[in-house]
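Chemist: My structure is below; once you've seen it, I'll send some questions.
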Amino acid sequence: MPLSIGEKFELIAIPVVVVSTAILIPQSGTTFEIGELITGGALLLLLQGFFRDLWLLRQSRRSPSSTPTRSARCMCVESTVGLTGVIAGIALVGFGLTRPIHLSVIALVFAIASILVVGFLLKDFVFEWSPWKIHREKDHSQVIFRWRK
2 MPLSIGEKFE LIAIPVVVVS TAILIPQSGT TFEIGELITG GALLLLLQGF
52 FRDLWLLRQS RRSPSSTPTR SARCMCVEST VGLTGVIAGI ALVGFGLTRP
102 IHLSVIALVF AIASILVVGF LLKDFVFEWS PWKIHREKDH SQVIFRWRK
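Residue numbers (our numbering): 2 to 150.
Here it is as structure tokens:
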């Protein structure tokens, strides 16, 4: 299956962001609390999905889809993982269950690259809770998400 223009752009943007990070962070590395690290990684994942959703919204307004929309009780896996990470990280900081972790430049760059690649790989998957399943939904921007039936 060929890649779309948005997917090609995202695959080019990932190394650009990673290299920019390597250039901009202090060469001595940096120290984070574990909760801050989890929250930051989850926010990066959500930010990546946000920009992808903006692109999909722009594309859908330019050329309306001929496929009918459907309603489902589901959520994007990428958003689910990101939201869970934000909540967990904030809870760790809020309850004081954190410990400082020093990350070298290489470790931080590897972490950011890993998060962005995982976000790219998860972009087409949807978690549906009625019935419980995870499945691939290539264009889930056409799905109307509902909490209840």
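Ideal Cβ placement from N, Cα and C applies to all residues, glycine included.
Could you tell me the boundaries of the alpha helix (DSSP H) in which Phe-10 lies?
Modeler: 6-25
Chemist: Would DSSP call Leu-104 helix, strand or coil?
Modeler: strand
Chemist: Assess, as a yes-or-no matter, whether the stretch 78-89 is touched by the stretch 8-22 under the definition of 3 or more beta carbon pairs within less than 8 angstroms.
Modeler: no
Chemist: For the ligand FAD, any of its heavy atoms closer than 6 angstroms to the Cβ of Gly-97?
Modeler: Among the components of this structure there are no ligands whatsoever, and the ligand FAD is therefore not found.
Chemist: First and last residue of the alpha helix (DSSP H) that includes Thr-81?
Modeler: Its alpha helix (DSSP H) spans residues 78-95.
Chemist: Taking only runs of the alpha helix (DSSP H) that begin and end inside the stretch 105-139, which ones reach a length of at least 4 residues, in chain order?
Modeler: 106-123
Chemist: In three-state DSSP terms, what is Thr-99?
Modeler: coil
Chemist: For the alpha helix (DSSP H) that Gly-36 lies in, which residues bound it at each end?
Modeler: Per DSSP, Gly-36 belongs to the alpha helix (DSSP H) from 35-63.
Chemist: Measuring CB to CB, does Val-87 end up less than 7 angstroms from Ala-43?
Modeler: Yes, Cβ-Cβ distance for Val-87 and Ala-43 is below 7 angstroms.
Chemist: Looking at Thr-40 and Ile-91, is the spacing between their C-beta atoms short of 7 angstroms?
Modeler: yes
Chemist: Give a yes or no on whether the C-beta atoms belonging to Ile-116 and Leu-45 are separated by under 7 angstroms.
Modeler: yes
Chemist: Pick from Ile-113, Arg-62 and Leu-123: whose alpha carbon is nearest that of Glu-1?
Modeler: Lying before the first or after the last residue shown, residue 1 is absent from the chain, which here runs from 2 to 150.
Chemist: Taking the alpha-carbon positions, what's the Phe-52 to Ala-23 distance?
Modeler: 21 angstroms
Chemist: Since Val-19 and Ile-113 should fall inside the 8 angstroms C-beta cutoff, what is the C-beta to C-beta distance between them, to a whole number of angstroms?
Modeler: 6 angstroms
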